[in-house]
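Okay, structure first, notes after.
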Amino acid sequence: MLQRALRPILLTLLALGLLAAPVQAAERRTALVIGNSAYKSAPLKNPVNDARDMAAALKGLGFEVRLLTDASHQSMEAAVREFGLSLRQGGVGLFYYAGHGIQAAGENYLVPVDAVIQTESDVKFGCLNAGLVLGKMEDAGNGLNVVILDACRNNPFARSFRSAEQGLAKMDAPTGSLIAYATAPGSVAADGAGKNGVYTEHLLRNMRTPGLSITDVFMRVRMGVVTATAKKQVPWESSSLTGYFYFNGNAAPGQPVAPMAVATPPPAAAAPAPVPAPAPAIDLKAEKKRLAEEAARLKREKQELAQIQALRAEKDRLEAERQRLEQSKLLALGGKPQQKPAPLVPVVGPAAVPAASHTAQFALLARAGLPDARAYFEQAVQAHPEDADARAGLAIALVFSGRAADAKYHVQRLNESSSQTAAAQTPGVRLTRGLMLGLEGNADSEYQFNRAQEDGADRALLALCRATVALHKKDFQGGQRFMEAYAGQTPESEQGPYARQLAERLNPINSVAGTFFWGTADGNVTSTYLIIERSGDGLKGTDGGGEYKSNITNMALQGLRLSFRMAYDLGFFLGGAGASDCVADFGQDLNRVPITCRDSNYGSMSSYLFRRNTQRP
């Protein structure tokens, strides 16, 4: 806002070198980022954090990024195939994976969170072959590809393998590509003690450094990791790059650029140059036979893949049918849950209530009885720790009370103790799993919600859980639709504080409003700030903290993109009057917001808005 206008953005920041045009390479940049943490048998702390931070960093460096967290085998394979197709448009491709990675029979596999591996032979069909990633990137024919694997943890299934090899196997990088490992082939890397793993922490730190070539970036990463781990972990790369690549900008001024390698001939000799042998003739018949065999092999592989997919689909269908039959038996024995809750009555002690008969208390979770229902479910879990329905109800109550971290513990207990029982498939348990999966960004959330609805879950509670997930995903329109469904199921007199607060937070105007300081991607800020506040059904803006006055008009919110015009007058000696049309994108982060301003005097520039009291990078 230029020191009470655009001065802190255009003059102060330019003078300090803090404001720059957005990092955008001439070539197209596309990235697929996957982080898996929520493994049932061997969970990891860092990978989801690593993936989210890597995705944010790559976006800031001009990449188009698709992010998957705690992904299933099916979603990982589909994303890799789509990624390969997108690379056919050319440019730079980057694949990043953090999570469990194992080798079997000399091949590397990336482990999805839904993998069920009892023997070594299960790996081929239950995990993603890293060779598929390399193959799809190589087939795309684009200019340059980078594969980063922070996946060298200990093999959690080693006891089931005939020959348990440590770490990942060495893979040769195809021409024009680089493969980076968190540690050397055959070695393992530990999960980090902080938010990020050691390797990704150093990678994030160095890839943002302007003017560093990709080889220099990974050299610095290796030096940092070796020092941080006392030489216990040594990152490693396999490269066949044929050109230079810079994550951030081009070569720094004064930085020597390696010349193209030119072979230096030995001192001239008097011997005559040998006559080259004639090229061997192509055996057309043998070549045709080879191509026919290759075509037959591809056909067999397609048929095998189709058979595997058909078997998986049949297995899923039979499992779904079995669960429906079990649920029907439960409903026949205990009666179908009523959608309309009974009038609010004193809570009955859980000791006298048999397990899986908490229908009325689930209904209270969505209404004004949330505190009583939470106390009830806490007592029920203490009295009957094996009662999956009671534990599910407590998890929902904790989420609605702002204690999602505690809720995760109870969901983990559900997964450990009752994954194969009929009680694990009740409407309440499905609601809880749908809610927690949605808060983790897992696409399987909607499946659990749909099954809960089919099995007779309380519709008001279902709508409230879906609206909670929509808010987490910043899907304000979807969340408002769910709240309308909730209001249709629940009289206003029965609606609790959580539902009313959720409805307020799902109004994008309320989410965008606040006080923001101007700054840059690395967290440097000025004293100039922007106040965004409600004005009737819309928004208005006011600048503050600077010396010169600016006038903010035309503020409008479309989805989560906020646009406005900022007019200023700095006086004759500082550049005179002008105006800047700005667009701020609140879609990724409501607290750290990228903003682009097209100024009448200075052209297009990019910056960030940091919400007051928000931790900066």
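Each residue of the sequence shown is one higher than the one before, counting from 905 in my numbering. The beta carbon of each residue, even a glycine, is placed where N, CA and C say it ideally should be. Because the structure is a prediction, the values reported are computed rather than measured.
How should residue i be labelled, buried or exposed, when 16 other C-beta atoms within 10 angstroms of its C-beta is the threshold for buried?
| i | result |
| --- | --- |
| I1052 | buried |
| I1021 | buried |
| M1509 | buried |
| F1029 | exposed |
| A1407 | buried |
| E1344 | buried |
| A1199 | exposed |
| P1331 | buried |
| I1212 | exposed |
| R1194 | exposed |
| N940 | buried |
| G1392 | exposed |
| P1114 | exposed |
| S1349 | buried |
| Q1405 | exposed |
For residue i, which residues from the same chain have a beta carbon less than 6 Å from its beta carbon, with the 5 sequence-adjacent residues on both sides left out?
| i | result |
| --- | --- |
| T1104 | D954 and D1054 |
| H1314 | R1295, L1298 and A1299 |
| R1124 | N1110 |
| E968 | T934 |
| R1502 | D1485 and S1508 |
| S1504 | G1482 and A1483 |
| A942 | D974 and V1017 |
| A1008 | E1024 and V1027 |
| F1151 | L965 and M1111 |
| D1310 | L1302 |
| V1251 | With a pLDDT of 44 at V1251, under the threshold of 50, the predicted position of this residue should be treated as unreliable, and no value is reported. |
| S976 | P1016 and D1018 |
| Q978 | none |
For residue i, which residues of its own chain have a beta-carbon under 8 Å away from its beta-carbon, when the five flanking residues on both sides are left out?
| i | result |
| --- | --- |
| T1446 | L1434, I1435, E1437 and I1456 |
| V1138 | T1087, A1088, S1091, R1126, V1129 and V1130 |
| L1410 | A1371, A1374, L1375, F1380, G1383, Q1384 and M1387 |
| V1416 | I1436, L1443, L1461, L1464, L1466, F1490 and L1494 |
| E981 | L1032 and L1036 |
What distance in whole Å lies between the Cβ atoms of residue j and residue i, which are believed to be in contact at a cut-off of 8 Å?
| i | j | result |
| --- | --- | --- |
| P1089 | L1038 | Not quite, the Cβ-Cβ distance comes to about 15 Å (not below 8 Å), so this is no contact. |
| V952 | Y1000 | At roughly 13 Å, the Cβ-Cβ gap does not stay under 8 Å, so V952 and Y1000 are not in contact. |
| L1318 | F1420 | Going by Cβ atoms, the distance from L1318 to F1420 rounds to 40 Å, so no, they are not a contact pair. |
| C1031 | A1044 | Incorrect: roughly 23 Å between the Cβ atoms, too far for contact. |
| V1050 | L1082 | 5 Å |
Since residue i sits in a beta bridge, which residues does DSSP pair it with?
| i | result |
| --- | --- |
| F1514 | F1421 and R1496 |
| C1486 | F1468 and C1501 |
| E1437 | K1444 |
| Q1007 | N1012 |
| E1141 | A1084 |
| E968 | T934 |
| Q1462 | R1465 |
| T973 | G939 |
| I1052 | Y1000 and A1084 |
| T1457 | R1469 |
| Y1150 | S1117 |
| L1406 | L1406 is not bridged to any residue. |
| M1509 | C1501 |
| A1481 | D1473 |
| V1333 | DSSP lists no partner for V1333. |
| L962 | Looking at the DSSP assignment, L962 forms no beta bridge with any residue, so it has no partner. |
| L1032 | L1014 |
Among the options, whose alpha-carbon lies nearest the alpha-carbon of residue i?
| i | options | result |
| --- | --- | --- |
| S1511 | L1202, C1486 and N1517 | C1486 |
| A960 | R1502, N1505, Q1357 and V1497 | V1497 |
| G1382 | L1048, R1370 and G1392 | R1370 |
| A1367 | E1358, K1377, F1353 and D1379 | F1353 |
| A1272 | L1202, I1083 and Y1402 | Y1402 |
| T1133 | R1363, L965, S1025 and V1102 | V1102 |
| L1036 | L1014, G1423, L1048 and R1469 | L1014 |
| K1099 | L1339, S1454, L948 and P1275 | L948 |
| E931 | R970, G1010 and G997 | G997 |
| L1108 | R956, K1378 and G1480 | R956 |
| E1042 | A1361, V984, T1500 and P1412 | V984 |
| A1389 | D1362, P1412 and K1377 | D1362 |
| T1432 | N1414, K1192, S1454 and K1377 | S1454 |
| T1424 | S1397, T1500, F1468 and G1480 | T1500 |
| E1141 | L1072, F987 and D1473 | L1072 |
For residue i, which residues from the same chain have a beta carbon less than 7 Å from its beta carbon, with the 5 sequence-adjacent residues on both sides left out?
| i | result |
| --- | --- |
| L1269 | A1277, G1297, I1300, A1301, F1304 and L1365 |
| F1281 | Q1265, A1294, G1297, L1298 and A1301 |
Spell out whether any CB of chain D is found under 8 Å from the CB atom of residue i.
| i | result |
| --- | --- |
| T1023 | No chain D is part of this structure, which consists of one protein chain only. |
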